[in-house]
Amino acid sequence: MRIFPRLPNACALVLAVLCGAAATVSAWPQPGGNDTFEQSASAGSHDAPRSNLEKWFVEGQAALRDGKLDAAEAAFRRVLAADAGSGAAYSNLGVIAMRRQQWDRAIQLLRKAETLDPQLAGIRLNIGLVEYRRGNYAAAIAPLASVLREDPGSEQARYLLGLCEVLSKRYREAVKVLEPLWEEKSNDVPYLYLLDIAAVESGQKELDEKTVKQMIAVGGQTAEYHLILGKAFLNRYEVPEAKEELELAAAINPNLLFLHLDLGITYMRLGQHDRAEGEFRKDIELEPDLADDYEQLGALYSRMQRDDEAEKEFREALKRNPKSDGAYLGLAKLYQKQRKLADALKMADAALGLSPEIHGGHFLRGRILAQLGREKEAQLEFAAAQKSIDAQLNKERNALEQEPVPNPELTKQPQ
35 MRIFPRLPNA
45 CALVLAVLCG
55 AAATVSAWPQ
65 PGGNDTFEQS
75 ASAGSHDAPR
85 SNLEKWFVEG
95 QAALRDGKLD
105 AAEAAFRRVL
115 AADAGSGAAY
125 SNLGVIAMRR
135 QQWDRAIQLL
145 RKAETLDPQL
155 AGIRLNIGLV
165 EYRRGNYAAA
175 IAPLASVLRE
185 DPGSEQARYL
195 LGLCEVLSKR
205 YREAVKVLEP
215 LWEEKSNDVP
225 YLYLLDIAAV
235 ESGQKELDEK
245 TVKQMIAVGG
255 QTAEYHLILG
265 KAFLNRYEVP
275 EAKEELELAA
285 AINPNLLFLH
295 LDLGITYMRL
305 GQHDRAEGEF
315 RKDIELEPDL
325 ADDYEQLGAL
335 YSRMQRDDEA
345 EKEFREALKR
355 NPKSDGAYLG
365 LAKLYQKQRK
375 LADALKMADA
385 ALGLSPEIHG
395 GHFLRGRILA
405 QLGREKEAQL
415 EFAAAQKSID
425 AQLNKERNAL
435 EQEPVPNPEL
445 TKQPQ
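One point on numbering: in the numbering used here, the residue at position 179 of the sequence shown is 213, and numbering is uninterrupted.
Encoded structure:
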């Protein structure tokens, strides 16, 4: 039986295995290269000797390496005060912003660095990483592809590019990018999982079967394998099976990324609210900036009629991910229940603006509009909701017709 989890969280697990560090510019540009020292008449300190600039750059690099971000920023700012055309300094300021998880600031600095030094592949790699973290998966593809063209052996660029191709639903392209990693990564369950998504969605049955066979062979006793399998069951609403697999994963590695998030969702679906809350809190301890944990806590508290806490958690989710459509929808439901209809409509609009097909979005907006007396608009939303339901049913029906699961054990004669 083939089972597939929802993509974003599982793909985040795939990324976390490989893409942990940003590329820094670790050497001061040498004379005659693309990064040669450029004086800036507007910099105000254009008479600074080159030796001083090199010294400041090296100091900034050392501070960045030691995690002293304020000192590193100050040093690179001194470089830029004397040489406003230093792509290397802008690049490392971009890395500092990445370390601080200031993604919008990071992309501004890295784009400036790219303009000044378009030949430096590390800048484009970091742009790809930042666009991934901003949820702009399609925007990450071009810079990552350019890195890979220049360095086909870059495992990090290839892996991240394949991931962004999958998240952008470019499955055939993802297979082409990911397959060359087979020799190095075929014992890595998250890699196999990602490749199998691309294979299935692009209709490459032989690769799918090969990948699944390898995943079972290498992953049967790993925490990652049980997590992926548990997530698959969870997304099929086979909750007892999900619970079994996820608890097996926890027994092997209780600190596995996203494990406690999925366990929390499992316990919530089983009505074990106290256990669910505990799991979400455990995941927050491991990943304090993961918006999904706060969004799920908000949903849990809403179920428990703890409205003030639910609102707080939804807001915490949006602080960490302003594109969290689920948090907006959760707030819309909360405000609609509280008869704060103007606020509810604003939140529903935000959710649908981010994800036009978000589950329940059109129906909720229709109910809010009906309560506001805007019946014609409400009927349009109810029609959109019904259309979405019909499309999903047709999709599931077609899938069942195309891929029936045989049951030979029911017809096999006893020996």
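Where is the CB? At the ideal position from N, CA and C, for every residue including glycine.
Query	Result
With distance defined between alpha-carbon atoms, name the residue in 338, 168, 230 nearest to residue 305.	338
Here's a check: name, in chain order, each residue in its chain whose Cβ is nearer than 8 angstroms to the Cβ of residue 213, leaving out the five neighbours to either side.	229, 241
What distance in whole Å lies between the Cβ atoms of residue 414 and residue 366, which are believed to be in contact at a cut-off of 8 angstroms?	In fact, because the Cβ distance is near 17 angstroms, the residues do not count as touching under 8 angstroms.
Nearest CA to the CA of residue 285: which residue from 260, 273, 118, 267?	260
Under a Cβ-count criterion, where at least 16 other Cβ atoms within 10 Å of its own Cβ denotes burial, should residue 401 be classed as buried or exposed?	buried
Taking the alpha-carbon of residue 232 as reference, which of 134, 112, 196, 301 has the nearest alpha-carbon?	196
Is it buried or exposed for residue 257, if we count other Cβ within 10 angstroms and need 16 for buried?	buried
For residue 70, name the three-state secondary structure that DSSP assigns.	Below a pLDDT of 50, predicted positions are generally treated as unreliable, and residue 70, at 29, falls in that range; the measurement from the model is reported next regardless. If DSSP states are grouped into helix, strand and coil, residue 70 belongs with coil.
Quick one: measure Cβ to Cβ for residue 107 and residue 130, integer angstroms, because I've assumed they're closer than 8 angstroms.	5 angstroms
For the alpha helix (DSSP H) holding residue 157, just list the boundary residues, first then last.	155 to 167
Could you have a look at residue 188 and say whether DSSP puts it in helix, strand or coil?	coil
Using the Cα positions of residue 202 and residue 172, report the straight-line distance between them to the nearest angstrom.	6 angstroms
So, residue 330 versus residue 293, is the Cβ gap smaller than 8 angstroms?	no
Tell me whether the beta-carbon of residue 155 lies closer than 8 angstroms to the beta-carbon of residue 166.	no
When you compare the CB positions of residue 215 and residue 225, do they come within less than 8 angstroms of one another, or not?	yes
Report the option in 221, 126, 117 whose CA atom is closest to the CA atom of residue 93.	126
Within its chain, find whatever has a CB closer than 7 angstroms to the CB of residue 68; leave out the 5 residues flanking it on each side and keep chain order.	Here the model assigns residue 68 a pLDDT of 37, short of 50, so the residue's position is not dependable and the matter cannot be decided.
Report the three-state DSSP secondary structure of residue 332 (helix, strand or coil).	helix
Taking 8 angstroms as the cut-off, decide whether the C-beta atoms of residue 388 and residue 362 are in contact.	yes
Out of 354, 353, 346, 356, which one is the CA nearest neighbour of residue 369?	346
Just reading off the alpha helix (DSSP H) that residue 102 is part of, what are its end residues?	Neither: residue 102 is in no alpha helix (DSSP H) and is coded neither H nor E.
Give the DSSP-derived three-state secondary structure of residue 420 in the structure shown.	helix
By DSSP, does residue 149 sit in helix, in strand, or in coil?	helix
Look at the alpha carbon of residue 268 and the alpha carbon of residue 310, and state the distance between them as a whole number of angstroms.	14 angstroms
Sort 385, 87, 248 by Cα distance to residue 348 and report the nearest one.	385
What's the gap between the Cα of residue 382 and the Cα of residue 395?	7 angstroms
Given this structure, state the Cα-to-Cα distance separating residue 425 from residue 418, to the nearest angstrom.	11 angstroms
Measure the CB-CB distance between residue 87 and residue 118 and report whether it falls below 8 angstroms.	no
If I follow the unbroken alpha helix (DSSP H) through residue 270, where does it start and stop?	Here residue 270 belongs to no alpha helix (DSSP H), and DSSP marks it neither H nor E.
Taking the C-alpha atoms as reference points, what is the distance between residue 416 and residue 371?	18 angstroms
Taking C-alpha atoms, which residue in 272, 265, 220, 263 lies nearest to residue 248?	220
Quick check on DSSP: helix, strand or coil for residue 230?	helix
Tell me which same chain residues have a C-beta within less than 7 angstroms of the C-beta of residue 375, skipping the five on either side of it?	402, 405, 406
Can you tell me whether DSSP reads residue 203 as helix, strand or coil?	coil
Buried or exposed for residue 264, please, with buried defined as at least 16 other CB atoms from any protein chain shown within 10 angstroms of its CB.	buried
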